[in-house]
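Colleague: Note that the protein sequences, when read in sequence, are chains A, Z, G and U.
When we follow my numbering, the leftmost residue of the first sequence carries the number 1, and every step to the right adds one.
When we follow my numbering, the leftmost residue of the second sequence carries the number 1001, and every step to the right adds one.
When we follow my numbering, the leftmost residue of the third sequence carries the number 2001, and every step to the right adds one.
When we follow my numbering, the leftmost residue of the fourth sequence carries the number 3001, and every step to the right adds one.
Yeah, the Cβ is synthetic: ideal placement off N, Cα and C, and Gly gets one too.
Protein chains: 4
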Amino acid sequence: MWFTSDNAAGCPPEVFAALAAANANCIAGYSLPPSEGANETPGYTSGYGTDPLTEEVQARIRRLFGHPDAVVRLVTTGTAANALALACLCPPWGTVFCAREAHILVDECGAPEFFAHGSRMLGVDGPDGRISPQGLRRAVEATGQSLHNMQRGALSLTNVTEAGTVYTAAQTAELAEIAQDFGLSVHLDGARFCNAVAATGATPAALSWRAGVDVLSFGGTKNGLLGVEAVVFFNPNLLENFDFRRKRGGHLLSKGRYLAAQMLAMLEADRWLHWASHANAMAARLAQGLVARGVRLAYPVQANILFPQWDAGISSHLRAAGAQFYDMPAPEGTEGARLVTSWSTTPAEVDAFLNLFQGLRG
Amino acid sequence: MWFTSDNAAGCPPEVFAALAAANANCIAGYSLPPSEGANETPGYTSGYGTDPLTEEVQARIRRLFGHPDAVVRLVTTGTAANALALACLCPPWGTVFCAREAHILVDECGAPEFFAHGSRMLGVDGPDGRISPQGLRRAVEATGQSLHNMQRGALSLTNVTEAGTVYTAAQTAELAEIAQDFGLSVHLDGARFCNAVAATGATPAALSWRAGVDVLSFGGTKNGLLGVEAVVFFNPNLLENFDFRRKRGGHLLSKGRYLAAQMLAMLEADRWLHWASHANAMAARLAQGLVARGVRLAYPVQANILFPQWDAGISSHLRAAGAQFYDMPAPEGTEGARLVTSWSTTPAEVDAFLNLFQGLRG
Amino acid sequence: MWFTSDNAAGCPPEVFAALAAANANCIAGYSLPPSEGANETPGYTSGYGTDPLTEEVQARIRRLFGHPDAVVRLVTTGTAANALALACLCPPWGTVFCAREAHILVDECGAPEFFAHGSRMLGVDGPDGRISPQGLRRAVEATGQSLHNMQRGALSLTNVTEAGTVYTAAQTAELAEIAQDFGLSVHLDGARFCNAVAATGATPAALSWRAGVDVLSFGGTKNGLLGVEAVVFFNPNLLENFDFRRKRGGHLLSKGRYLAAQMLAMLEADRWLHWASHANAMAARLAQGLVARGVRLAYPVQANILFPQWDAGISSHLRAAGAQFYDMPAPEGTEGARLVTSWSTTPAEVDAFLNLFQGLRG
Amino acid sequence: MWFTSDNAAGCPPEVFAALAAANANCIAGYSLPPSEGANETPGYTSGYGTDPLTEEVQARIRRLFGHPDAVVRLVTTGTAANALALACLCPPWGTVFCAREAHILVDECGAPEFFAHGSRMLGVDGPDGRISPQGLRRAVEATGQSLHNMQRGALSLTNVTEAGTVYTAAQTAELAEIAQDFGLSVHLDGARFCNAVAATGATPAALSWRAGVDVLSFGGTKNGLLGVEAVVFFNPNLLENFDFRRKRGGHLLSKGRYLAAQMLAMLEADRWLHWASHANAMAARLAQGLVARGVRLAYPVQANILFPQWDAGISSHLRAAGAQFYDMPAPEGTEGARLVTSWSTTPAEVDAFLNLFQGLRG
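1) So is Arg2248/G in contact with chain Z if we call contact Cβ pairs under 8 Å?
2) Please go through the same chain and pick out, in chain order, the residues whose beta-carbon is closer than 6 Å to the beta-carbon of Arg2285/G, but skip the five residues on each side of it.
3) What residues of chain U sit near Leu1328/Z, judged by a beta carbon separation below 7 Å?
4) Can you tell me the Cα-Cα spacing of Thr158/A and Gln2058/G, whole angstroms?
5) What would DSSP say about Glu1162/Z, mapped onto helix, strand or coil?
6) Just to confirm, are Leu1053/Z and Ala1205/Z a CB contact at a threshold of 8 Å?
7) With a threshold of 8 Å between beta carbons, is Trp2310/G in contact with chain A?
8) Going by DSSP in three states, Tyr3299/U sits in which element: helix, strand or coil?
9) In terms of DSSP beta bridges, what is Asp327/A paired with?
10) If we cut at 8 Å on Cβ distances, does Phe1325/Z have a partner in chain A?
11) Please determine if the region 3181-3198 of chain U and the region 3155-3172 of chain U are in contact, where contact requires at least 3 C-beta pairs separated by less than 8 Å.
12) Taking Glu2229/G as part of the beta strand (DSSP E), name the residues at either end of that continuous run.
13) Could I get the ranges of all uninterrupted alpha helix (DSSP H) runs contained in the region 2047-2105 of chain G, with 4 residues as the minimum, in chain order?
14) Just checking: is the beta-carbon of Cys2098/G within a distance shorter than 8 Å of some beta-carbon in chain U?
15) Between the region 1123-1145 of chain Z and chain U, which residues of the former have a C-beta closer than 9 Å to a C-beta of the latter?
16) Specify whether the region 3072-3086 of chain U and the region 3215-3231 of chain U touch according to this definition: at least 3 beta carbon pairs, one from each stretch, less than 8 Å apart.
17) State the Cα-Cα distance for the pair Arg3246/U and Gln145/A, rounded to the nearest angstrom.
18) Find the nearest neighbour of Gly2047/G within the set Thr3004/U, Thr3345/U, Ser3316/U, judged by alpha-carbon distance.
19) What's the gap between the Cα of Pro2133/G and the Cα of Cys2090/G?
20) In the region 2-28 of chain A, which residues sit with their C-beta less than 7 Å from some C-beta in chain Z, listed in chain order?
21) Short of 7 Å in beta carbon distance, which residues of its chain neighbour Cys1109/Z, apart from the five on each side in sequence? Order them along the chain.
22) Please report the distance separating the alpha-carbon of Ser208/A from that of Val3072/U.
23) Consult DSSP for Phe218/A and reduce its assignment to one of helix, strand or coil.
24) Just tell me which of Leu226/A, Leu252/A, Asp214/A has its CA closest to the CA of Leu238/A.
25) Locate the beta strand (DSSP E) running through Gly2123/G, then write down its first and last residues.
26) Can you check whether the C-beta of Leu51/A is within less than 8 Å of a C-beta belonging to chain U?
27) Under 8 Å by Cβ, that's how I've got Met1001/Z and Ala1323/Z pegged, so tell me the actual separation to the nearest angstrom.
28) Gln2262/G: which of Trp2093/G, Ser2254/G, Tyr2044/G, Leu2226/G sits nearest, CA to CA?
29) Counting only C-beta atoms, is Asn3241/U closer than 8 Å to chain A at any point?
30) So which residues of chain A does Asn2082/G contact, with C-beta pairs closer than 7 Å?
31) Please report the straight-line C-alpha distance between Phe244/A and Leu3147/U, rounded to a whole angstrom.
32) Taking the alpha carbon of Glu1240/Z as the reference point, which residue from Pro1127/Z, Ala1085/Z, Asp1181/Z, His1187/Z has its own alpha carbon closest?
33) Does Asn3195/U come within less than 8 Å of chain Z when only Cβ atoms are used?
34) Please return the same chain residues whose Cβ sits closer than 6 Å to the Cβ of Leu105/A, not counting the five positions on each side in sequence.
35) For Gly2135/G and Ala2330/G, what's the separation of their Cα atoms in angstroms?
36) In its own chain, which residues sit with a C-beta less than 7 Å from the C-beta of Pro224/A, not counting the 5 before and 5 after it?
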């Protein structure tokens, strides 16, 4: 009953199989006279993201998104993906408009400011963790444009949002259009993008570049990988020296094949969608059970995150029984929690958690 | 015959076994009533380096180095390890003294300058890739100390050096003492520290903190891991907010257990030493064979890197036969190369390479 | 009728006299054998703030504030004073709490973020341009304290506020105490500090260090100087390499004597107070006249800035008659303006402006 | 006998006259109905470099350099001029090639690294303080061009050099051509550009943009001003947000008219040339006298800086008599010094200094 985060889960066995295969078979462009093959140890390949597996990841992501020119780069954390991407979109004197709850604003200890050398993250209001169109328009208009002000920089959306809600393709497009009206490029923090696709039923393309997204942080870690995120530039004009930024950020891994292998494992056979759909289904099961037990949910449950609010005293009861989750602020007399499900959550776990409410008033 | 770099090799199977084990067994601090155990999927643990495997790494490194207070942090690249460490030792207006060939100066695209917000890497002369004591003293003394000058910051050594030579414990201590005379703290880039230990026969302690090293980048990636380096603070006073720097550098992985598992696999059963010793032995075999074939070596071969210089025309012959290596500058009429051996290099590969010289004049 | 800003005014003749005198007499520590004096051109002194006039400024400011250990540094702009000071108080991963309207947040194009390498300015609510105690407490408490969050850094007050109101000594102390409760140091942006002293009748000490201010940006430019601001550290422990920051910020002037001479001219014979009091008095005369003519004032007029709101159409009428001021947002049907008076504003100017309302409905 | 630096001198009276005039007459675009003129205090103008005097500076510099499109910005220090200019020419991961003795490398405490967010200053060899063409070519070629290396950024020349020598127009052009071959833009640190023009007899255009210089730091402070330098962009494509960089560097002065007034005073009636020529003439007189007294000069004296080397013991004798200068390294048995003359140096001072050698062996 471990619901603290989807990154508290381990990884599916397919990921380890892919790593081992990459280790065995990586002899890219390594053509030996047949007679000498016997002298070779397998597993060698070129470094720093120049290996064929990394190339294959780009080809696969282009296909998945139906975008033949997308440029793909791999890094190990969502924070790195977001901060490196934003540094390409926003000058040091620029403002990034994002949701008040956005990871880049609240949970990255200033990484975007660090990588962009001093830019500013500006929280925009909106219901249920989403930026509202009016909120965005108002926030951008309120940003001064004289030499004395931080300038307008970029829009950064998050889908799945930090509140566990999703933007539909239409909602994404509406915000992206406002951004474009003001000349802002659009970043999408997709640490849980697979869950958003699963939740909306939209295609990856519809939820990203077709809706106006220029750069996507396409998350793997929260969907079962050891630690891989892809930065996907749908607008390659915005790359602006991403590769130098990544290298001097210490985010260019020499053995890039092992990042690529993980990502390929997830892209294979629609696993990215199956894993995310499973996580969403477990969240729905949990939500339904909680509501049936009288628990209020602070936000609509649309993907794999829930924010239940139950009577005071219940949290410690649940924890005593082995449940793991984070506390959240909640109205007087109640206790708030955040529950996150993952590819790894089982129906049995969900039901065991729900059973803990027996005899209690949610 | 792949000798471009030790990071072109794959990883030993023990590493994958350790990853899989970590995936299965990670249920730290997760005590369930026995009857509910059946409902649990294994593999959960706390994130961001707070898991028990990461803790175990610190304990093991403390034991290995005989230093009960060392503080250990894991990151995925040597560039991140070096740059984050140096940012703690050197203010933005400080100078880091290092060898002219140092990775931090030549091969990190300015990562140390980025992480330390503008510090300066200053190349110091010395023979065979090592900083000479006189060279260091001269360089530090030449650094002005008025308000107008970049200030003195830190000393950064590299062992194994970029020339494939090693510092003995005594040589390390001599340089560290000079640094201390001038109030500089001492960083050691140990991307190939295991090879240096294997080469010198000194203990890890003797080559590091007992010789005056304050902070060590302890490399795993070039010794067989997928991508893990440990930053080891022997002088915890110098930590100065390392954790904030790591987080906002995007280098705090949520699933830290998989970094820890790799490092533990290497520390287990003295594998770190066996793997490095093997790489060194393969380099020695290669060096001996080359010398026997009349090839000159630009530097003494002391660890797992060689810089042969052979007659013009030979490089393309070798490559046509499947050998992989980097070109290096060399005297007129000759061709230079860099060959690196690894845990994965086989005697058969070495001999196959040497056999390519048949009928040639090195 | 030039009311755009107090920095649109020129400088009192005393300032130019002091500059000329500094030019003639600056032969510090320059003792010549009398017979050779004839060969000397006067006007030489040592550079980069080591001249005796700069030293004298520190002595005078210590006396003015009744603080024998204050450390004083001169720079040419308020932005530099604020940003350099804050960089000493707040790490790159720290948050500076300030008013929503604060110059450091709105009008410095990210200078504090630049000098502190990525810190964050956080706007706190409060009435009439002041931070409210509850607002401050709430904002600080809402700042997370995990490794993932930007940390708590410093409090920055502004007195006179951007709304033209002032903090009393008691109000300053109340906020500073809250800051201290949370371990934050306190910066005061005193671009118009002299006006605040004139308005409150408090002593400079009472409005600064006795109320808990650690570092003050003590403004000269808006009170009649060509371009000089003093950074005053009442808590010298916080200096943390200010001098290196200033030098590498390009803010250490070689001919520092001319900054010092200006500041001394202002400190001489209580001119700092006379000039500021005059500006405040002109603002009061203006306010009184406007109110008498039915104009609404958006904030209480306490120092030398007014925010009148008059009927739509009046602004262009005033401008056609030669009045200069900035537009401000205002309620439907009205027009807002900002008027600033200075040492140089005359009663005749004020009255001429007021006379423009003849026959109009404010 | 004050020869420490040209910035130890005061300022010519014409500068103060110009400041006072600017103070009195600055009522730009301020057209009053005549009858109300009596109510006006003179001296108002718009702020932040939008005043007519600042505009006039640009027009005058365009005329002086015969370049109708040059863009001119004023700042208060040479360090700011250099660092802000270079930040526009060189990315954070770029290398600036400059002389080993360059001010940007040695005397600015890392300001260029700070403003460009981590770029690298690389000292290039050459005789007499000048970069040699071969030295430059070699240094640029030695700069790696892989993703792992700091990239090639810009060339920065200094004229007058730190050794007191000058580049002719032809020498400048030769170096600029090499830079262009490698795609580098060219900055010229002209803190003593007026002295270089006076020394070479070349026109300002010939020594700058006609020779391939893209951006010039055109110094005023060392040629008699209180503290003003002009950044002159001959290639406006390179401006890249200079104005934002200046503002957030705290280098946009509100009362810009007083910077402009100083610069106009220097440009008026060829004073820039007269003052610099005088300084050069005084240096020549000093050099001639020293040589006649057997003193060796470390570098040819071509402008207003001398590096004499005299017998040990003489320095303290000179200082006891009231002479002021800096010590420099010198061959065994001798003492080195740096002497700088200025607009303010008198022949009598020079002769008094030379007379101190009576009875001595230089």
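Modeller: The answer reads as follows:
1) Arg2248/G has a beta carbon lying within less than 8 Å of a beta carbon in chain Z.
2) Sequence-distant Cβ neighbours of Arg2285/G in its own chain, meaning closer than 6 Å and more than five residues away, are Val2350.
3) Per the sequence presented here, residue 1328/Z reads as Met, with Leu not at that position. The contacting residues do not exist; Met1328/Z stays about 13 Å from chain U at best.
4) In this model, Thr158/A and Gln2058/G are separated by some 52 Å (Cα to Cα).
5) DSSP places Glu1162/Z in coil when its eight states are reduced to three.
6) No; because the gap between Cβ atoms is not below 8 Å, this pair is not in contact.
7) No, its Cβ sits nowhere closer than 8 Å to a Cβ of chain A.
8) DSSP places Tyr3299/U in the coil class of the three-state scheme, outside both helix and strand.
9) Paired residue(s): Ala337/A.
10) Chain A has no Cβ within less than 8 Å of the Cβ of Phe1325/Z.
11) Judged by Cβ distances under 8 Å, the region 3181-3198 of chain U makes contact with the region 3155-3172 of chain U, as three or more pairs qualify.
12) Where Glu2229/G is concerned, the enclosing beta strand (DSSP E) stretches over 2229-2233.
13) Qualifying alpha helix (DSSP H) stretches, in chain order: 2052-2065, 2078-2089.
14) With 8 Å as the cut-off, Cys2098/G does not count as an interface residue toward chain U.
15) Within the region 1123-1145 of chain Z, the qualifying residues are Gly1144.
16) The region 3072-3086 of chain U makes contact with the region 3215-3231 of chain U; the number of CB pairs closer than 8 Å reaches 3 or more.
17) Taking the straight line joining both Cα atoms gives about 16 Å.
18) That would be Thr3004/U, whose Cα lies nearest to the Cα of Gly2047/G.
19) Approximately 21 Å between the Cα atoms of the pair.
20) For the region 2-28 of chain A, which is checked against every Cβ of chain Z, the residues closer than 7 Å are Trp2, Ser5, Asn7, Ala8, Ala9, Gly10, Cys11, Phe16, Leu19, Ala20, Asn23, Cys26.
21) If the five residues before and after Cys1109/Z are omitted, its C-beta is found closer than 7 Å to no C-beta atom of its own chain.
22) If you draw a straight line from the Cα of Ser208/A to the Cα of Val3072/U, it is about 44 Å long.
23) Correct three-state label for Phe218/A: strand.
24) Of the candidates Leu226/A, Leu252/A, Asp214/A, the one whose C-alpha sits nearest the C-alpha of Leu238/A is Asp214/A.
25) Gly2123/G: member of the beta strand (DSSP E) spanning 2120-2124, first to last residue.
26) Checking the displayed sequence, the identity of residue 51/A turns out to be Asp instead of Leu. With a threshold of 8 Å between beta carbons, Asp51/A makes no contact with chain U.
27) So it is a contact: roughly 4 Å between Cβ atoms.
28) For the residues Trp2093/G, Ser2254/G, Tyr2044/G, Leu2226/G, the minimum Cα distance to Gln2262/G belongs to Leu2226/G.
29) Yes, its Cβ sits closer than 8 Å to a Cβ of chain A.
30) Ordered by position in chain A, no residue passes the 7 Å Cβ test against Asn2082/G, which lies about 13 Å from the chain.
31) Between Phe244/A and Leu3147/U, the alpha-carbon positions lie close to 6 Å from each other.
32) Residue Ala1085/Z holds the alpha-carbon nearest to the alpha-carbon of Glu1240/Z among Pro1127/Z, Ala1085/Z, Asp1181/Z, His1187/Z.
33) Cβ-Cβ to chain Z under 8 Å: no for Asn3195/U.
34) Counting only Cβ-Cβ distances below 6 Å, and skipping sequence neighbours, we find Cys98, Met121, Gly123.
35) The straight-line gap from Cα to Cα measures roughly 24 Å.
36) What sits at residue 224/A in the sequence shown is Gly, not Pro. The residues are Cys11, Pro12, Val15, Met266, Trp275, Trp343.
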